[in-house]
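Just so we're aligned: 67 in my numbering is position 67 of the sequence shown, and the numbers increase by one with no gaps anywhere. Heads up, the beta-carbon is just placed ideally off N, CA and C, and yes, glycines get one too. Inspection log for the structure reproduced underneath, given as structure tokens.
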Amino acid sequence: MLALLRQPWRVEGGFQAWSVAWDRDDGRRRADPSGYVLRKGSDEPNPITHAEADALLKAGVLPGLAKPRENGGLWLNEHAAHALSDFGSDVYAAWEKLRGRLAAAAAADGRGSD
1 MLALLRQPWR
11 VEGGFQAWSV
21 AWDRDDGRRR
31 ADPSGYVLRK
41 GSDEPNPITH
51 AEADALLKAG
61 VLPGLAKPRE
71 NGGLWLNEHA
81 AHALSDFGSD
91 VYAAWEKLRG
101 RLAAAAAADG
111 RGSD
């Protein structure tokens with residue numbers, strides 16, 4: 001999970017990948033989602049890397065939403081990918097907010113850092 005949070009998640013003024021595919025759907029896409037193929041050994045997030053998806057699969061976070069492929073890669077359900085992307089964006093935004101507030105608190109604290 002910490003490796004996921006190290007990625008530069010986009011914070012785009014409330015954009016949610018989930019809504020694009022889920023909320024604007026007539027039901028067909030929900031029932032028959034596409035997926036992302038994550039190549040083994042690739043460190044390119046799409047929205048997460050193969051190693052991260054594999055670890056989440058093994059930890060039971062993606063039951064039935066990620067499936068190993070014969071070539072060693074993984075298939076990741078598009079809705080699960082969007083949910084992970086939105087989670088990362090939300091947590092990243094909260095992390096940036098925390099860092100800003102801690103910096104403001106440190107700057108306002110006249111006692112310094114001793």
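Would you tell me roughly how many angstroms separate the C-alpha atoms of residue i and residue j, rounded to the nearest one?
i      : j      : result
Ile48  : Ala108 : 38 Å
Lys40  : Asn46  : 12 Å
Glu146 : His50  : Given that the chain is displayed from residue 1 to residue 114, the structure contains no residue 146 and the question cannot be resolved.
Trp95  : Arg111 : 25 Å
Asp86  : Arg29  : 18 Å
Leu65  : Ala103 : 39 Å
Asp43  : Ala93  : 23 Å
Pro33  : His82  : 11 Å
Ala59  : Gly35  : 20 Å
Ala31  : Val91  : 28 Å
Tell me whether residue i is buried or exposed, calling it buried when 16 or more other Cβ atoms sit within 10 Å of its Cβ.
i     : result
Asp54 : buried
Ser89 : buried
Please go through the same chain and pick out, in chain order, the residues whose beta-carbon is closer than 8 Å to the beta-carbon of residue i, but skip the five residues on each side of it.
i      : result
Arg69  : Val37, Trp75
Arg101 : none
For residue i, does the three-state DSSP call read helix, strand or coil?
i      : result
Gly88  : helix
Leu62  : coil
Gly100 : helix
Taking a contact to mean a Cβ-Cβ separation below 8 Å, would you say residue i touches residue j in this structure?
i     : j     : result
Leu98 : Ala80 : no
Whose C-beta lies closer than 6 Å to the C-beta of residue i among residues of the same chain, with five residues either side of it excluded?
i     : result
Leu57 : Ala66
Gly72 : Lys40
Can you find the residues in the same chain that come closer than 7 Å, C-beta to C-beta, to residue i, ignoring five residues on each side of it along the sequence?
i     : result
Leu84 : Pro47, Ile48
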